[in-house]
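I have placed the structure first, in the form of structure tokens, so that the comments after it can refer back to it.
2 protein chains.
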Amino acid sequence: MVTRERPTLEAVARRAGVSRATVSRVVNGSTSVAAAIREAVNRAVEELGYVPNQAARSLVTQRTESIALILPETASRVFSDDLFFPAIIRGVGAELEAADKQLVLMMAGSAASHDRVERYAVAGHVDGVMFASMHGADPLPGTLVRLGIPVICSGRPIGPSEAPYVDVDHFGGVAAAVRHLVASGRRRIATIAGPQDMSAGQDRLTGWRHAVRHAGLAVEEDLVGYGNFTRASGARAMEQILAAGDPPDGLFAASDLMALGALAVLAEHGLRVPHDVAVVGFDDSVAAMEARPPLTTVHQPVEQMARTLTLTLLDRIANPDAPVTSQVYPPRLVIRESS
Amino acid sequence: MVTRERPTLEAVARRAGVSRATVSRVVNGSTSVAAAIREAVNRAVEELGYVPNQAARSLVTQRTESIALILPETASRVFSDDLFFPAIIRGVGAELEAADKQLVLMMAGSAASHDRVERYAVAGHVDGVMFASMHGADPLPGTLVRLGIPVICSGRPIGPSEAPYVDVDHFGGVAAAVRHLVASGRRRIATIAGPQDMSAGQDRLTGWRHAVRHAGLAVEEDLVGYGNFTRASGARAMEQILAAGDPPDGLFAASDLMALGALAVLAEHGLRVPHDVAVVGFDDSVAAMEARPPLTTVHQPVEQMARTLTLTLLDRIANPDAPVTSQVYPPRLVIRESS
DNA sequence: TTGTAGGCGTTATCAT
DNA sequence: ATGATAACGCCTACAA
């Protein structure tokens, strides 16, 4: 109840008339404490408003009971209308809550904040680190791994990496999407690719090339537009593709939002979906369902993946010497009216 | 470079052939160290890959160099298409970066996570706490204040509170909006109110009542719809208002998103904006500018407020016994085509 | 079951 | 300018 000078274990011990060790036992839920004493200690804790000092505690336990989720993005990007991040955070949050760990969210969109986050993790503020939405060959996960800090990535890191990851099978998803387009008779299938500094962007584009070639169709670079997963970039890419030559009769967009942007542009150009152009997206976001027409898309179990991500990290923390294992989830094609 | 067993100050001292105290001085940038020794120490630090242990450090300094931003919301809500949170985070992030502090973002949408966040703060993980988007009479800020933890709120807390806050003058903003509507001849001015468990929601509704009465118009409860700041809730509220009786000729929505929802519904009902109904929003979000027609709205300097929020908190941390001062920013009516 | 005592890795106050 | 040395608050063998 006092304002300053938070009480210590020592103070509680004095008040309860026992030793610090006993108080510590009670506070940490040890069973081997007499009921009467336990009660006296708890009363003292209550009266003094005692809360363990985390710094002192983790100095000896080497644990902080908190986990960082690092998003190498600016706040504006993280808080876009893309519901990917919230889904990740929900999944992670749920598992962390169950494990009684605190989630610490950190954005690192700039070089300076990236550095700061590194220092934060290295200084031992957290027991483990999760990465999502990584760009380029970010060295940070590897650095942390080498320092012995448990790390896991959502999405395969680009370049060699010692960090395990959880991801969806992008190739499989794209293959299914393109097969579906081909099956409905489409022969001129365009793609709007995602950012090429992210593995998801790369893989979905490579997957498109493979799938188109595998279907016996020509891979024309005029049919490739580039975006950054956002709606506006999808619209721009669609304009570009349309400007480049004959309109396609099929489109695979590497994200639902880009597909939505494309949908708008197609409408402006008087092209009917799916009659003139069949469109398939990726993510199975809520926006896909609400699109007009509702969007065929590749579903990835984001929340499930986030849970796995978390559980895998917690397991690594508990079990640092177990072999590194990554996990790749199968996607699922959700067919709606846009194709 | 070794994986486990991070080096300590002691190890660096041995390697450099000096005492721990000297190493500590070098690491913390004390000037009173001979250049040669400083260099030797830095070399040792480099070679060993030494990083100070934060727990040990804050055990003695009583500081963590990090600040929490607590959002008592679920992830889904925080990551809506409302760009309010990103703006806050940008402002806070910028000032914190300048002060070389780490931002720790915590969502506390559930009772359990709310508790956890409390424990986190009380345990001394952070040097100070900022709250944004508070609902109801949340006791947490007060609790932390009483424990001597520096606290500040974005938006006036509901109920009595010892915590200082930074806010916009909601009353003034609404008054300007309503005056503007009245000046253009509107006599039947409706409102879509925000959530009534938030001071922003309450104040904007109360402000509307005052302003309407002050203009000599009748305050009809049929002209009041309720939403939760989101687009969908705005649409629902608009439907309700239209169903309740004669359509209004003016509308003040307590958020831009709700105004956008209302715009869509008005269009569906064949009502022209601004010809039949003049509409004013609140927030001056980007969505307001992109609306059709572009939305007249009350601008609040969110990013500026976030910076002030941060600076005020940092000042309280440095200066705990200074008197508590809150700050209220003036809003500004931005007139566009919707009114 | 309870208490004693040592140590976790730093910083800071003294001497020197 | 540098080096002992005492905290900081807690956990955890080990002893009793």
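Chains as they are written, first to last, in my numbering: chain A, 411 to 749; chain B, 411 to 749.
Backbone N, C-alpha and C define an ideal beta-carbon position, used for all residues, glycine too.
Neighbour-count burial assignment, residue i, 16 or more Cβ in a 10 Å radius
| i | result |
| --- | --- |
| N729(A) | exposed |
| H535(A) | buried |
| R597(B) | exposed |
| M668(B) | buried |
| D632(B) | exposed |
| M715(A) | buried |
| M699(A) | exposed |
| E415(A) | exposed |
| E528(B) | buried |
| T735(B) | exposed |
| G671(A) | buried |
| V412(B) | Residue confidence for V412(B) is low, a pLDDT of 39 falling below 50, so the modelled location carries little weight and cannot support an answer. |
| T441(B) | exposed |
| Q606(B) | exposed |
| D510(A) | exposed |
| S754(B) | There is simply no residue 754(B) to check, as chain B begins at 411 and stops at 749 in what is shown. |
| G565(A) | buried |
Within-8 Å CB hit, residue i to chain A
| i | result |
| --- | --- |
| R416(B) | yes |
| H524(B) | no |
| Y739(B) | no |
| R702(B) | no |
| A518(B) | no |
| F581(B) | no |
| G538(B) | no |
| N638(B) | no |
| G644(B) | no |
| G534(B) | yes |
| P658(B) | no |
Backbone CA spacing between residue i and residue j [nearest angstrom]
| i | j | result |
| --- | --- | --- |
| N638(B) | R619(B) | 18 Å |
| L469(A) | L554(A) | 20 Å |
| Q512(B) | T471(B) | 16 Å |
| A600(B) | R726(B) | 42 Å |
| G635(A) | Q612(B) | 48 Å |
| P703(A) | V683(A) | 7 Å |
| I480(A) | G501(A) | 15 Å |
| G570(B) | G655(B) | Note on residue identity: the sequence assigns Pro, not Gly, to residue 570(B). Using only the alpha carbons, I get a separation of about 39 Å. |
| A710(B) | P740(A) | Before going further, note that residue 710(B) is Gln rather than Ala in the sequence given. Looking at the two C-alpha atoms, the distance is approximately 46 Å. |
| V561(B) | A653(B) | 45 Å |
| V696(A) | T707(A) | 11 Å |
| S665(A) | T640(A) | 8 Å |
| A444(A) | A431(A) | 13 Å |
| G691(B) | D579(B) | 15 Å |
| E649(B) | D659(B) | 15 Å |
| R628(B) | A688(B) | The amino acid occupying residue 628(B) in the given sequence is Ala; Arg does not appear at that position. Roughly 18 Å separates the two Cα atoms. |
| L743(A) | S643(A) | 23 Å |
| S520(A) | V539(A) | 18 Å |
| A518(A) | E505(B) | 15 Å |
| T484(A) | P496(B) | 9 Å |
8 Å Cβ cutoff, residue i in contact with chain B
| i | result |
| --- | --- |
| E747(A) | no |
| I477(A) | no |
| S486(A) | yes |
| A450(A) | no |
| A509(A) | no |
| N729(A) | no |
Selected residue, minimal CA-CA separation from residue i, among the options
| i | options | result |
| --- | --- | --- |
| A647(A) | D659(A), D656(A) and A663(A) | A663(A) |
| P482(B) | M516(B), V584(B) and S440(B) | M516(B) |
| G583(B) | V514(B), T616(B) and V734(B) | T616(B) |
| I559(A) | T474(A), A518(A), P605(A) and A521(A) | T474(A) |
| G754(B) | A593(B), G503(B) and A654(B) | Here chain B has residues from 411 to 749 only, and residue 754(B) is not among them. |
| A732(A) | Y739(A), L723(A) and P740(A) | L723(A) |
| L458(B) | T432(B), V422(B) and V436(B) | V422(B) |
| R453(A) | A465(A), V437(A), R467(A) and A466(A) | V437(A) |
| E713(B) | A542(B), S442(B) and A465(B) | A542(B) |
| G503(A) | V461(A), G680(A), T718(A) and T735(A) | T718(A) |
| S748(A) | C563(A), H685(A), V455(A) and Q737(A) | H685(A) |
| V622(B) | L681(B), A586(B) and S609(B) | A586(B) |
| Q737(A) | V576(A), P417(A) and D537(A) | V576(A) |
| Y530(B) | R435(A), A674(A), A465(A) and G427(A) | A465(A) |
| A610(A) | H545(A), F489(A), L419(A) and S486(A) | H545(A) |
| I602(B) | V675(B), S476(B) and F494(B) | V675(B) |
At 3 residues or longer, what runs of the beta strand (DSSP E) sit wholly inside the stretch 623-706 of chain A? 634-636, 660-663 and 688-693
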